[in-house]
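> One structure is given below, represented as structure tokens, and several questions about it will come after.
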Amino acid sequence: MTNGDLTTSREPAAAKPDGDGASSAQILVVIEDDPDVQFLIEAIFAMDPRFNVTNVAESAEQALDLPPTSEPGIIVLDHGLAGPLPGLAAAPMLKELAPAAKIIMFTAHAALQARADKEPAIDAFLLKTESEKLLPLAQSLLGLGPPTQT
Amino acid sequence: MKAVLIVEDDPDIQSLIATIFSMDPRFSVAGLAETAEEALALARKTNLEIIVLDDRLAGALTGVEAVPALKEAAPGAKIILFTAHADLRARAVGQPDIDAFLLKTDTGELLPLAQQLTNMLSLL
């Protein structure tokens, strides 16, 4: 990342055909202020080559500076972030920026579930202690089955 | 099944590491510990093959300080020091009981490293 960049861009991976017939990788944006958690989320999605981590942001403001996209994909969104805007408040704006993307609120705070359930921009809520469900949930939200073993 | 012990004080990170190991059905997460002291107790009663060890832990002992005792409790286990602190690499290299050092920024290498340390890569 060069000085002044707002987000960390990942080099796009080559799109690979998958077992469901899709031919392009699904974009993945990770919005998370803890770099250790960022890298672990990326490592989990790296297990499925149909996902391509395109951007990582440590604040909602950084993510909202990304260019709009109509591409489907997944936004993994923490609530407590580095900037003043929390994830829950940023969700509607993120959905406007990427209307075809599914937003997973991925947080340590179980108490947020009721508020997240009432926010239509949030497609799913998952506690960080249930991270084993993260990849299957993302696959399910995009209508993908498990990756084909090669 | 290769039993894995995750020693990490952050429960979110614990869960994420466990998820990474769940991607390979030949591994089984046998325990989670947030202190070195808990890890030692688990290591004494479980036949471990991999210990993923953070340095900064919730108890009195750091991960690096606990390494000799962990190796004594689980001599067959390979210990991966998995930390955010690059400056620990020199100390880890000088500690023969640490089998591998990995920065948390290189998380994508964790599972292949564990596979390599347990001689599983040839089976893939």
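Residue numbers (our numbering), protein chains in the order written: chain A, -6 to 143; chain B, 1278 to 1401.
All residues carry an ideal CB built from backbone N, CA and C; glycine is no exception.
In this text, all values refer to a predicted model and were calculated from it rather than measured experimentally.
(1) Below 9 Å between beta carbons is the criterion; list the residues of the segment 117 to 131 of chain A that meet it against any residue of chain B, in chain order.
(2) Looking at the C-beta of M1397(B), does it have a partner C-beta in chain A at a distance below 8 Å?
(3) Cβ closer than 8 Å: which chain B residues qualify as neighbours of A39(A)?
(4) Count the C-beta pairs between the segment 1307 to 1323 of chain B and the segment 1357 to 1371 of chain B that are closer than 8 Å, then say yes if the count reaches three, no if not.
(5) Could you tell me which chain A residues have their CB closer than 7 Å to the CB of A1361(B), listed as they occur along the chain?
(6) How big is the Cα-Cα spacing for S16(A) and E35(A)?
(7) Report the rounded CA-to-CA distance for I20(A) versus K1279(B), giving the unit in angstroms.
(8) With DSSP run on the structure shown, which of helix, strand or coil describes I1328(B)?
(9) Are the segment 67 to 81 of chain A and the segment 1285 to 1299 of chain B touching, with three or more C-beta to C-beta distances below 8 Å?
(10) Hey, is the segment 25 to 43 of chain A in contact with the segment 1375 to 1389 of chain B, meaning 3+ C-beta pairs nearer than 8 Å?
(11) Which of the three DSSP states, helix, strand or coil, is assigned to A1295(B)?
(12) Give me the residue from G1308(B), R1321(B), S1292(B) and E1342(B) with the minimum Cα distance to I37(A).
(13) Going residue by residue through the segment 1309 to 1354 of chain B, where are the continuous alpha helix (DSSP H) segments of at least 4 residues, counting only ones entirely within it?
(14) For the segment 1298 to 1316 of chain B, which residues have a CB atom closer than 7 Å to at least one CB atom of chain A, in sequence order?
(15) Quick check on the DSSP output: what are the complete beta strand (DSSP E) runs of length 3 or more inside the segment 70 to 125 of chain A, in order along the chain?
(16) By how many angstroms is the C-alpha of D1364(B) removed from the C-alpha of L1390(B)?
(17) Examine chain B for any beta-carbon lying closer than 8 Å to the beta-carbon of F32(A), and answer yes or no.
(18) Using C-beta distances below 7 Å, list every residue in its chain close to T1395(B), excluding the 5 sequence neighbours before and after it, in chain order.
(19) From G14(A) to L1282(B), what distance separates their C-alpha atoms?
(20) Starting from A101(A), find everything on chain B with Cβ-Cβ shorter than 7 Å and list it in chain order.
(21) Between V46(A) and the rest of its own chain, which residues show a CB-CB distance below 7 Å, the 5 nearest in sequence each way excluded?
(22) For L81(A), which residues from the same chain have a beta carbon less than 8 Å from its beta carbon, with the 5 sequence-adjacent residues on both sides left out?
(23) Just the chain C side, please: which residues come within less than 7 Å of A1377(B) by C-beta, in chain order?
Reading it off the structure:
(1) L120, K121, T122, E123, S124, E125, K126, L127 and L128
(2) Not one chain A Cβ lies under 8 Å of M1397(B).
(3) G1385
(4) no
(5) D29
(6) Since pLDDT at S16(A) reaches only 45, below the 50 mark, its modelled position is unreliable, and the value read off the structure follows with that caveat. In a straight line, the C-alpha of S16(A) is about 21 Å away from that of E35(A).
(7) 33 Å
(8) strand
(9) no
(10) yes
(11) The three-state secondary structure of A1295(B), taken from DSSP, is helix.
(12) When each option's Cα is compared against that of I37(A), the closest is S1292(B).
(13) 1313 to 1322 and 1340 to 1350
(14) S1299 and M1300
(15) The beta strand (DSSP E) runs lying completely inside the segment 70 to 125 of chain A and spanning 3 residues or more are 94 to 100 and 117 to 120, given in chain order.
(16) 20 Å
(17) yes
(18) Excluding positions up to five away in sequence, the list reads K1279, E1326, I1327 and K1355.
(19) Bear in mind that a pLDDT of 39 at G14(A), under 50, signals an unreliable position, so the number given afterwards is only what the model happens to contain. Approximately 38 Å between the Cα atoms of the pair.
(20) D1289
(21) R3, L21, V23, E35 and F38
(22) H72, M98, L105, R108, A109, E112 and I115
(23) In the structure shown, chain C cannot be found, because the protein chains are A and B.
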